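One structure below.
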Ligand code: 5GP
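Numbering (the numbering used here), first residue to last: 4 to 164.
Take a look at the structure:
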């Protein structure tokens with residue numbers, strides 16, 4: 004009996020280590036729909052539980068540098084509200100939240116000095132989109148040519164970032 008209990012907790016312990024490591028190493032995708040997970044990494048950044056290099060903030064929007072940039076400029080632009088992806092944001096967000104988010108994308112592009120050279124805005128949703136963080140975010144990419152026809156995940160594999 005004691006042996007089974009010890010075995011059970013050993014397996015549980017190993018899984019609690021292996022699963023997060025697998026997720027970090029392979030960038031597991033998440034669903035773009037479903038209940039909002041308050042413990043996702045961007046929710047923690049919004050609560051200031053983990054640090055981020057913030058480049059822009061307004062009442063409803065936060066923008067910060069991606070931790071693994073794939074272009075010289077790689078900013079993540081997120082709503083402060085709890086939206087899992089563009090699906091529930093487009094359904095449930097207020098007009099002011101939507102307006103501020105869209106306006107912020109232009110403001111940040113100008114602030115990062117990529118308005119003239121050009122940039123790409125991308126938002127991944129769900130498994131096929133390659134979304135890994137279940138809080139709506141827009142990737143603002145620039146500073147060099149962005150091959151928009153490649154998926155973000157594919158670029159990451161190629162560059163090793
Ligand atoms: P997705 O794969 O969901 O489209 O994009 C998630 C992005 O979040 C990735 O580009 C990844 O590098 C970035 N990311 C993941 N964790 C963190 C973090 O803790 N801090 C920051 N700044 N970016 C993160």
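Glycine residues also receive a C-beta, built at the ideal position from the N, C-alpha and C atoms. Only a predicted model underlies this, so the values are computations on that prediction, with no experimental measurement involved.
Closer than 8 Å to some heavy atom of ligand 1: that does not describe the Cβ of residue 92.
Secondary structure of residue 44 (DSSP, three-state): helix. For residue 55, the shortest separation between its Cβ and any heavy atom of ligand 1 lies below 8 Å. One alpha carbon belongs to residue 145, the other to residue 107, and they sit about 16 Å apart.
Measuring C-alpha to C-alpha distances from residue 113 to each of 83, 58, 41 identifies 58 as the nearest.
Pairing residue 125 with residue 33, the inter-Cα distance amounts to about 16 Å. The secondary-structure analysis by DSSP pairs residue 77 across a beta bridge with 144. At the C-beta level, residue 96 and residue 84 come within 9 Å of one another. Here residue 60 carries a strand assignment [DSSP, helix/strand/coil]. Residue state for residue 93 is assigned as helix, using DSSP reduced to three classes. Per DSSP, reduced to three states, the secondary structure at residue 105 is helical. For residue 124, the enclosing beta strand (DSSP E) has its first and last residue at 122-125. Bridge partners of residue 66 according to DSSP: 59, 80.
In its own chain, leaving out the 5 sequence neighbours on each side, no residue places its CB closer than 6 Å to the CB of residue 62.
In terms of Cβ geometry, residue 69 and residue 137 do not form a close pair [threshold 9 Å].
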